[in-house]
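If you read the sequence shown in the working numbering, its first letter stands for residue -13, the second for the next number, and so on.
Backbone N, C-alpha and C define an ideal beta-carbon position, used for all residues, glycine too.
All values reported here derive from a predicted model rather than from experimental measurement.
Scroll down for the structure; my scribbles are underneath it.
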Amino acid sequence: MRRRSQLRVVANEAVGPYSLIRVERGDIDPGVPGQFFMLEAPGRVLPRPMSLCQAPAGELAFLLEAIGPGTRAIAAVEPGDEIHVFGPLGNGFRLDVEKPLLVGGGIGVAPFPYLSEQLNGPPAILGFRSDWHAEAAALVPNAEVVVEPTLVTELLIEGQDVLACGPEPMLEAVHKIAPKAQLAWEAPMACGYGACYGCSVEVDGVLQRLCVAGPVLEEAA
Ligand SMILES: Cc1cc2nc3c(=O)[nH]c(=O)nc-3n(C[C@H](O)[C@H](O)[C@H](O)COP(=O)(O)OP(=O)(O)OC[C@H]3O[C@@H](n4cnc5c(N)ncnc54)[C@H](O)[C@@H]3O)c2cc1C
Ligand code: FES
C-alpha cells in the first residue's frame, strides 16, 4: 500500500556520473520492480518520480541522474538529511515470465538491480553513452554491456521475454524487435497518482495517464 513518509538519508554514493541515494525504509513498502516513488526535491515545489533501484533490508535506494533543478536538488542530499517519499506508485513489471531478458539504456537501468533480484539474476543487455556511465552496470548481475555507437538492439535475439527501460527511441526500437516486450515509459509527472493529468500519453490511440496505466506498458506508448 502506498504511503507518505519523511525518511532519513543513509548514504549518497557516486556510481559513475549517477548518484545512488539510500534512505531508511521506515514504513514504506518497496512495491513491485518498475513501480516508482515521488521524491521530494528539496527547495522545489514539486516532487520528482524515481524508480526503486534496490531494496536492501531496512532501506530503499534510488539511482538518479542529475539533469535539471529537481534531480540536482535530490542529488545534493547528505547522510542525516530527511526527504519526503511517497509510494509505491503505478504498475511495475509483470514477473511471471519464462525467459526474462532485461534491456536497459543509460539511467533506464535504475529499476534493474531490484528487478534482477526478484527474477533471480536473469541476463541483461545494458547500453551507455560512455565507459563512465557504464559503471552503473556493476549494480546489475549477468549484464552484457555495450557503449555507443553500439546499441542494445544489436544484441537482441528473438524468443526472450524482454523487460526494458530506457530512452524513448530505445524503447521504440526494442518494441519493433520484441512486440510483446514490457516497456517502462517516462513522462513528466507532478502528482504521481492520477490527479493532475500532467503525464497523459497516447497509448494505442487513447490518451492515458502514464502514472496510473504505467509506467510499465505492454503496448507502445
Ligand atoms: C516513472 C518514472 C521513473 C523515473 N525513474 C527515474 C530514476 O530512477 N532515476 C532518474 O534519474 N530519473 C528517473 N526518472 C526521470 C526523472 O523523474 C526526471 O529526470 C526528473 O523529473 C527531471 O526533473 P528535473 O527538475 O531535474 O529536470 P527538468 O528541468 O524537469 O527536466 C530536464 C529535461 O528533461 C525533460 N524531462 C523531465 N522529466 C522527464 C521525464 N519524466 N520524461 C522525459 N523527459 C523529462 C524536461 O522536459 C527537460 O528537457 C523517472 C521518471 C518517471 C516518469
Ligand atoms: S502525474 Fe498527475 S496524473 Fe499522472
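- For the pair Q146 and P19, the CB atoms are not nearer than the 7 Å cut-off.
- Under a 10 Å Cβ-count criterion, S37 is classified as buried, with 16 or more other Cβ atoms of the shown protein chains found around its own Cβ.
- Cβ-Cβ separation between P201 and G76: approximately 5 Å, consistent with a contact (criterion under 8 Å).
- The straight-line gap separating the alpha-carbon atoms of L(-7) and A62 is approximately 15 Å.
- E51 and E(-1) have their C-alpha atoms spaced approximately 12 Å apart.
- In the structure shown, L157 adopts helical secondary structure according to DSSP, grouped into three states.
- Between the segment 40 to 54 and the segment 128 to 140, the count of C-beta pairs closer than 8 Å stays below three; the two stretches do not touch.
- Distance from the Cα of G178 is smallest, within the candidate group I93, R195, H70, for R195.
- Ligand 1 approaches T57 closely enough that one of its heavy atoms is under 6 Å from the residue's Cβ.
- Placement of the Cβ of E51 at a distance of less than 6 Å from at least one heavy atom of ligand 1 is found.
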